[in-house]
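Enquirer: Residues are numbered in my numbering as their position in the sequence shown, beginning at 1, plus a constant of 594.
One structure follows; several queries about it will come next.
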Amino acid sequence: MRDLIIIGGASAAQSAAIYAIRAGIEATVVADEYGGQINNTDKVENYLGIKSMGGPEMAEKFVEHMREYDVEEKKGLRATEVRKKDDETFEVELEDGEVLESRAVVIATGGHRRKLDVKGEEELTGKGVSYCAVCDGPLYQGEEVAVVGAGYAGTEAAAYLTDVVEKVHVINRSEGYSGEEITIKQVREAENVEHHENAQIKEIYGDPMVEGLKYEKDGEKTDLEVAGAFIEIGTVPNSGISDLVETDEGGYINVNPEMETRTEGLYAAGDVTDLGEQQLVVSAGQGCQAGLNAAEYVKEKKSES
Ligand SMILES: Cc1cc2nc3c(=O)[nH]c(=O)nc-3n(C[C@H](O)[C@H](O)[C@H](O)COP(=O)(O)OP(=O)(O)OC[C@H]3O[C@@H](n4cnc5c(N)ncnc54)[C@H](O)[C@@H]3O)c2cc1C
């Protein structure tokens with residue numbers, strides 16, 4: 595039986611692996627892919643000690659760092675279920691049907707982008723509808739695009755796109771921006787941004803590629819011609835892999851400050867939890883806490899048997 599299985603391929607999981615191994619136990623990391631959400635970010639400028647670095651580069655650094663340790667990697671595989679075999683043993687089922695056993699588990703599965711759920715979105719995904727401004731923004735040089743959402747991710751996407759495309763339309767169903775003041779200022783001061791507030795998207799259209807979108811404001815319909823629509827309306831936690839945890843109404847896994855779930859030996863860390871801000875430094879910190887506590891738990895169980 596393994597000591598610890600960590601499910602996830604980004605900052606929370608990799609931090610948990612490093613701390614658990616340094617604390618003296620073995621760790622297996624199960625990840626469908628490495629990098630996580632930070633792969634979709636142009637620049638990270640708020641991680642302590644690193645003034646500015648591209649998101650994908652930073653994600654690579656995290657993997658490199660984890661590989662300094664003797665971690666068992668199960669990469670390219672999604673975990674589909676975490677369950678109990680008996681009092682002492684967890685079972686983690688992988689998408690290929692393999693079942694791994696361990697004394698403890700850390701769920702660090704983060705989140706995925708929320709869908710807008712309007713007409714045209716699904717059909718035009720990959721044909722002008724995108725959930726990653728950094729990945730697809732450069733395809734729209736010289737064109738007008740829309741960013742839907744003005745929260746943390748929407749503001750970051752808009753700031754990035756101002757330097758890449760001709761014009762950015764930020765469409766927000768409420769008023770104002772949220773996120774980091776420094777980024778909000780950048781978007782507000784950019785000359786090629788048009789703000790559309792209190793606007794509800796009704797449809798994205800085009801054949802075969804996006805040609806525009808329709809939104810409604812104060813009962814009035816507006817047709818906006820854009821070549822791309824970047825949907826940036828937040829994340830949904832990837833928390834549905836275990837009945838052994840409790841979640842809040844948003845689906846985030848309830849943890850205490852020790853990163854313990856309601857099941858002994860089962861921890862969660864990072865953006866999938868209901869605790870703290872959704873930031874790299876927080877997810878890495880939570881990974882540390884989960885990794886160390888899991889290591890203590892495993893060592894205790896081993897000494898009892
Ligand atoms: C556009 C954008 C910009 C951002 N900019 C910043 C920034 O500048 N600074 C900052 O600090 N934070 C930023 N963030 C937030 C930051 O990206 C997250 O807080 C951080 O990535 C959370 O890490 P995580 O490990 O918890 O989860 P994630 O990054 O979501 O990673 C989850 C990992 O688990 C894997 N996974 C999921 N489910 C399974 C499964 N069932 N089986 C196996 N593997 C699975 C995924 O493939 C992925 O590798 C940004 C986020 C976005 C979306």
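Backbone N, C-alpha and C define an ideal beta-carbon position, used for all residues, glycine too.
On a Cα-Cα basis, can you pick out the residue from Pro650, Ala614, Met652 and Val849 that is closest to Lys893?
Expert: The shortest C-alpha separation from Lys893 is found at Ala614.
Enquirer: Could you check whether the region 837 to 849 touches the region 812 to 827, counting it as contact only if at least three pairs of C-beta atoms, one from each stretch, sit closer than 8 Å?
Expert: With the cut-off at 8 Å, the region 837 to 849 and the region 812 to 827 do not touch.
Enquirer: Is Ile765 helix, strand or coil when you go by DSSP?
Expert: It is a strand residue.
Enquirer: Is it the case that the Cβ atoms of Ile778 and Thr749 are separated by a distance below 9 Å?
Expert: Yes, they are a contact pair.
Enquirer: What is the rounded straight-line gap between the Cα of Lys668 and the Cα of Glu687?
Expert: Distance between the alpha carbons of Lys668 and Glu687: 12 Å.
Enquirer: So what's Asp730 in DSSP terms, helix, strand or just coil?
Expert: In this structure, Asp730 counts as helix in the three-state DSSP scheme.
Enquirer: Is Val759 near Val739, with beta carbons less than 9 Å apart?
Expert: Yes; because the gap between Cβ atoms is below 9 Å, this pair is in contact.
Enquirer: If we ignore side chains and look at the alpha-carbon of each, how far apart do Asn792 and Leu807 end up?
Expert: Each residue's alpha carbon lies about 15 Å from the other.
Enquirer: Taking 8 Å as the line, does the beta carbon of Tyr846 fall inside it for any heavy atom of ligand 1?
Expert: No, the Cβ of Tyr846 stays beyond 8 Å of every heavy atom of ligand 1.
Enquirer: Please confirm whether any heavy atom of ligand 1 lies closer than 8 Å to the CB of Asp817.
Expert: No, the beta carbon of Asp817 sits no closer than 8 Å to any heavy atom of ligand 1.
Enquirer: Specify whether the region 851 to 861 and the region 764 to 779 touch according to this definition: at least 3 beta carbon pairs, one from each stretch, less than 8 Å apart.
Expert: Segments in contact, no.
Enquirer: List the residues that DSSP assigns as beta-bridge partners of His790.
Expert: DSSP lists Ile765 as partners of His790.
Enquirer: What is the DSSP secondary structure of Pro650, reduced to helix, strand or coil?
Expert: Note: Pro650 maps to helix in three-state DSSP.
Enquirer: Is the separation between the beta-carbon of Ala625 and that of Ala884 shorter than 9 Å?
Expert: Going by C-beta atoms, Ala625 is not nearer than 9 Å to Ala884.
Enquirer: Should Arg661 be labelled buried (16 or more other beta-carbon atoms within 10 Å of its own) or exposed?
Expert: Counting Cβ neighbours within 10 Å, Arg661 comes out exposed, since fewer than 16 surround it.
Enquirer: Which residues does DSSP list as the beta-bridge partners of Val676?
Expert: Val686 and Ser836.
Enquirer: For Thr756, which of Arg767, His789, Glu769 and Asn766 has the nearest alpha-carbon?
Expert: Minimum Cα distance to Thr756 is reached at His789.
Enquirer: Just the C-alpha distance for Ala621 and Ile599, rounded to the nearest angstrom, thanks.
Expert: In a straight line, the C-alpha of Ala621 is about 6 Å away from that of Ile599.
Enquirer: Could you check if Ile897 belongs to the surroundings of ligand 1, using beta carbon to heavy atom distance under 8 Å?
Expert: Just to set this straight, residue 897 is Ser in the shown sequence, not Ile. No, the beta carbon of Ser897 sits no closer than 8 Å to any heavy atom of ligand 1.
Enquirer: Gly743 to Arg697, Cα distance in whole Å?
Expert: About 42 Å.
Enquirer: Can you list, in chain order, the residues of its chain whose CB lies under 8 Å from that of Gln631, leaving out five sequence neighbours each side?
Expert: Ala604, Gly704, Gly705, Thr829 and Asp865, listed in sequence order.
Enquirer: Pick helix, strand or coil for Lys895, following the three-state DSSP scheme.
Expert: Correct three-state label for Lys895: helix.
Enquirer: Given that a residue counts as buried once 16 or more other Cβ atoms are within 10 Å of its Cβ, and exposed if not, what is Asp817?
Expert: Exposed, by the Cβ-count rule.
Enquirer: Apart from the five residues on each side of it in sequence, which residues of its chain come closer than 7 Å, Cβ to Cβ, to Leu710?
Expert: The residues are Val742, Ile795, Ile825 and Ile827.
Enquirer: Suppose the cutoff is 7 Å on Cβ atoms and the five residues either side in sequence are ignored; what does the same chain contact list for Asn922 look like?
Expert: Residue numbering for the chain in the displayed model covers 595 to 899; residue 922 lies beyond these limits and cannot be assessed.
Enquirer: Helix or strand or just coil, what does DSSP make of Asp817?
Expert: Three-state DSSP puts Asp817 in a strand.
Enquirer: So for Gly630, helix, strand or coil by DSSP?
Expert: The answer is helix: DSSP assigns Gly630 an H, G or I state.
Enquirer: For the alpha helix (DSSP H) containing Gly748, list its first residue and its last residue.
Expert: It spans Tyr746 to Thr756 - the alpha helix (DSSP H) in which Gly748 sits, taken as one unbroken run.
Enquirer: Just verifying my parser: in three-state terms, what is the DSSP assignment at Asp842?
Expert: Coil.
Enquirer: At the level of alpha carbons, what is the spacing between Ala821 and Lys637?
Expert: Approximately 24 Å, taken between the alpha carbons.
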